[in-house]
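Asker:
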Amino acid sequence: MIRIYDTKMHKKVDLETLQHGMVKMYVCGPTVYNYIHIGNARTFISFDMIRRYLEWRGYEVVFVQNVTDVDDKIINKANEEGRSASEVAIEYTNAFIEDMHAVNVKDPTVRPKATEEIDTMIALVQELIDTGHAYATDDGDVYFSVRSFPSYGSLSGRNIDEMEAGHRELRTEGIEDRKRDPLDFAVWKAAKPGEPSWPSPWGDGRPGWHIECSCMSKKYLGLPFDIHGGGADLVFPHHENERAQSEAASGTQFARHWMHGGMLQINGEKMSKSLNNFFLLRDILETVDPNVLRFLMLQTHYRSPLDFSDERVDEAAVALERIKNAVKALDWALDNATGETDAIDADAAATLVRQTRLKFIEAMDDDFNSSKALGDVFDFVGAANTLVAGKTLSAADVEAVRPVRGLIVELMGVFGVDIEAVLAADSGDEYPVEVIALASELAGFEGDSTADAVDALLDARAEARAAKNWAVADAVRDGLAGLGFTIKDTPQGAQVEYNA
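Quick note: the numbering used here has the sequence shown finishing at residue 500, numbered continuously throughout.
Take a look at the structure:
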């Protein structure tokens, strides 16, 4: 049974879905007025990992993530740059999707946009007015009456009598005079000159921020749905307000479970423009491999604070390299299986695979503990290295070792790291074309793949060393060195590193 930490219940609970074998999940998306920062990226990568694990465990996941494409911040950006709000929103929506693809975050099942769901929002606002949970002002604003919903504050753990108004809408002089209670929040905003607006029963205007997620989650998932997720910074007021208006209007539960990811820090400090430590994801990706970034973020439990630093990036790069090298060593052993006598205890290898899979599931079933699960993967990698070190495999050994390699690739895929693609990227597209001529001269190579050319040279060197033909062996070594390669002799055979 998968257990998750439910924010509203303040404890771990069994994941109970409304429909057997299916998880309906909503995760708040971006407000598209700029490129996303790495704190945003952490939330999206975390919930992508959660989604991938649920799918790996056999669930069908319906994953909905909105795009807020009308908002004060978008309007302000447009005014600063002298263009329309829709132009700003389109640019940064496309940029967001590009950034998510860059870090291998899967597309949602549905990605609704706020501006395409205005009629649905107007209908919900009208429901709230009809049921006495919202009221319109003479100026065309509509506010949700917080005190009309007795359990307001139970998600965030706040006492309604102690709270002060602290909502996202832009506060201007006189706005509080139009509210019946300082805690009330806008579900519809009257139009201002030059701003995007839509006709409504209360006059031209646009939706409040909180109302859109209530509408889109209900439309595409139904009520209640299984999981509502987002960053910890959204618990209040956004998610508290979503829950209040949704349950007030529908009379039913909004989301069965609430999940929130921890915040990201930079070198132990809160990320802030004022501290000059505010980093956009796409700027980070100019120097950090996307797989390394995912690896770094998943080494910390999704609910815990994550410290981002150059040292942590380097550590993640080394960790990922260790896994890559283990798969390469397994590949070399599998590709060079010429032994006639079994070198591998097949039963022990099968037990290793089975036990590691069970440990991985145990860790991930416990509130998606990716940190513990990665530790289990590293233990397995160490055992896999020992399994084939210095051994020449037989045909029977190959059948025992293939599942070992397969499990590494499979489990890393749950974390969104495609080891096959990583190895393919390392395999030669970046190698200089001159290596083909060198392989033709020293190894009789006739192909056009730089990766195959390097393999041919390593094979020629191994044969030359076995025949004590040091002239050819040295020529291969020196030729590769001249092109930026370093040969490392390991128990599994020669391997190369290329430094462009």
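Beta carbons are placed, not taken as given, at the ideal position from N, Cα and C, and that holds for glycine. Here the structure is a predicted model, which means the values were calculated and not measured.
Have a look at G339, E116, D379 and flag the residue whose alpha-carbon is nearest the alpha-carbon of S197.
Answerer: Along the sequence shown, one-based indexing puts residue 197 at 197. Taking only the C-alpha atoms, the option nearest S197 is E116.
Asker: Mark A453 as exposed unless 16 or more other C-beta atoms lie within 10 angstroms of its C-beta, in which case mark it buried.
Answerer: As a first step, residue 453 is located in the sequence shown; it is residue number 453 there, counting from the start. A453 should be labelled buried.
Asker: List the residues that DSSP assigns as beta-bridge partners of K488.
Answerer: Here residue 488 refers to the residue found at position 488 when the sequence shown is read from its first residue. Note: K488 sits in a beta bridge opposite Q495.
Asker: What ranges does the alpha helix (DSSP H) occupy inside the segment 255–294, keeping only unbroken runs of at least 4 residues that lie completely in it?
Answerer: Runs found: 281–284.
Asker: Can you list, in chain order, the residues of its chain with a C-beta nearer than 8 Å to that of D459? Leave out the 5 residues immediately preceding and following it.
Answerer: Start at 1 with the first residue of the sequence shown, and residue 459 comes out as number 459. Same-chain partners within the cutoff: A443.
Asker: Take V103 as the anchor and find which of R111, K468, N291 has the nearest alpha-carbon.
Answerer: To locate residue 103, count along the sequence shown from 1; it is residue 103. Among R111, K468, N291, the Cα nearest to that of V103 belongs to N291.
Asker: Which same chain residues end up closer than 6 Å to E169 when comparing Cβ atoms and leaving out the 5 residues on each side of it in sequence?
Answerer: Position 169 of the sequence shown, counted from the start, is the residue given in the question as residue 169. With a pLDDT of only 43 at E169, under the threshold of 50, the placement of this residue in the model should not be trusted; the figure read from the coordinates follows. Closer than 6 Å at Cβ, skipping near neighbours: A186.
Asker: Expressed to the nearest angstrom, what Euclidean distance is found between the alpha-carbon atoms of F400 and R57?
Answerer: Locating residue 400 in the sequence shown gives position 400, where the first residue counts as 1. Locating residue 57 in the sequence shown gives position 57, where the first residue counts as 1. Note that residue 400 is Ala in the sequence shown here, rather than Phe. Their backbone Cα atoms lie some 24 Å apart in a straight line.
Asker: Around the C-beta of I212, are 16 or more other C-beta atoms found within 10 angstroms, so that it is buried, or is it exposed?
Answerer: Position 212 of the sequence shown, counting from 1, holds the residue named residue 212. One detail in the question is off: residue 212 reads as Glu in this sequence, not Ile. Buried, since its Cβ has 16 or more Cβ neighbours within 10 Å.
Asker: By the three-class DSSP mapping on this structure, what secondary structure does I408 have?
Answerer: As a first step, residue 408 is located in the sequence shown; it is residue number 408 there, counting from the start. Three-state result, I408: helix.
Asker: Exposed or buried, Q65, counting other C-beta atoms within 10 Å across all chains shown (16 or more means buried)?
Answerer: Residue 65 sits at position 65 when you count from the first residue of the sequence shown. Label assigned to Q65: buried.
Asker: For Y59, name the three-state secondary structure that DSSP assigns.
Answerer: The residue you call residue 59 lines up with position 59 of the sequence shown. Coil at Y59, not helix or strand.
Asker: Would you list, in sequence order, the uninterrupted alpha helix (DSSP H) runs of no fewer than 4 residues that lie entirely inside the segment 389–471?
Answerer: The qualifying runs are 395–414, 419–426, 434–443, 450–466.
Asker: Do you know offhand how far N241's Cα is from D366's?
Answerer: Here the question's residue 241 lines up with position 241 in the sequence shown. Here the question's residue 366 lines up with position 366 in the sequence shown. Distance between the alpha carbons of N241 and D366 is about 29 Å.
Asker: Return the chain-ordered ranges of every beta strand (DSSP E) run that is complete within the segment 118–205 and spans a minimum of 3 residues.
Answerer: List check, beta strand (DSSP E) in window: 134–136, 142–144, 185–190.
Asker: Enumerate in chain order the residues of its own chain whose CB-to-CB distance from G268 is below 7 Å, with the five nearest sequence positions on each side excluded.
Answerer: Within the sequence shown, residue 268 is the residue found at index 268, counting from 1. Excluding positions up to five away in sequence, the list reads D307.
Asker: Whole angstroms are fine: how far does the CA of D335 sit from the CA of A494?
Answerer: Translated into positions along the sequence shown, residue 494 becomes position 494. Translated into positions along the sequence shown, residue 335 becomes position 335. Looking at the two C-alpha atoms, the distance is approximately 13 Å.
Asker: Would you tell me roughly how many angstroms separate the C-alpha atoms of Y143 and V125, rounded to the nearest one?
Answerer: Translated into the one-based positions of the sequence shown, residue 143 becomes position 143. Translated into the one-based positions of the sequence shown, residue 125 becomes position 125. Whole-angstrom Cα-Cα distance: 9 Å.
Asker: Examine the Cβ distances between the segment 276–285 and the segment 22–38 and report whether three or more of them are shorter than 8 Å.
Answerer: With a cut-off of 8 Å, the segment 22–38 and the segment 276–285 count as touching, because enough Cβ pairs lie within range.
Asker: For L358 and M49, what's the separation of their Cα atoms in angstroms?
Answerer: By 1-based counting over the sequence shown, the position of residue 358 is 358. By 1-based counting over the sequence shown, the position of residue 49 is 49. Near 18 Å, if we compare the C-alpha coordinates of M49 and L358.
Asker: With three or more C-beta pairs closer than 8 Å as the rule, is the segment 396–411 touching the segment 345–355?
Answerer: Output reads yes: the segment 396–411 touches the segment 345–355.
Asker: Can you pull the DSSP bridge partners for T356?
Answerer: As a first step, residue 356 must be located in the sequence shown, where it is residue number 356. Note: T356 sits in no beta bridge, so no partner.
Asker: Whose C-alpha, out of A134, R206, E311, is nearest the C-alpha of A249?
Answerer: Locating residue 249 in the sequence shown gives position 249, counting from the first residue. The option with the nearest alpha carbon to A249 is A134.
Asker: Have a look at V313 and V288 and give me their C-alpha separation to the nearest angstrom.
Answerer: Here residue 313 is taken as the residue at index 313 of the sequence shown, counted from 1. Here residue 288 is taken as the residue at index 288 of the sequence shown, counted from 1. If I take the Cα positions, the gap works out to 8 Å.
Asker: L393 to T386, Cα distance in whole Å?
Answerer: Counted from its first residue, the sequence shown places residue 393 at position 393. Counted from its first residue, the sequence shown places residue 386 at position 386. Looking at the two C-alpha atoms, the distance is approximately 13 Å.
Asker: Under a Cβ-count criterion, where at least 16 other Cβ atoms within 10 Å of its own Cβ denotes burial, should A244 be classed as buried or exposed?
Answerer: Within the sequence shown, the letter at position 244 stands for residue 244. So A244 ends up on the buried side.
Asker: Helix, strand or coil for K8, going by three-state DSSP, please let me know.
Answerer: Position 8 of the sequence shown, counted from the start, is the residue given in the question as residue 8. Here K8 sits in coil by DSSP.
Asker: Just tell me which of D71, I90, L221 has its CA closest to the CA of Y26.
Answerer: Residue numbering aside, residue 26 sits at position 26 when the sequence shown is read from its first letter. Answer by Cα proximity: L221.
Asker: Going by DSSP, what residue range makes up the alpha helix (DSSP H) through H228?
Answerer: Within the sequence shown, numbered from 1, the residue matching residue 228 stands at position 228. Segment 225–231 is the beta strand (DSSP E) holding H228; no alpha helix (DSSP H) there.
Asker: Which residues in the same chain as R89 place their Cβ atom closer than 6 Å to its Cβ, once the five residues preceding and following it in sequence are excluded?
Answerer: Against the sequence shown, residue 89 aligns to sequence position 89. Before going on, a small fix: residue 89 reads as Ala here, not Arg. Closer than 6 Å at Cβ, skipping near neighbours: V32, D69, I74.
Asker: Along the chain, which unbroken stretches of the alpha helix (DSSP H) at least 4 residues long are found entirely within the segment 64–127?
Answerer: Whole alpha helix (DSSP H) segments, 4+ residues: 72–81, 85–102.
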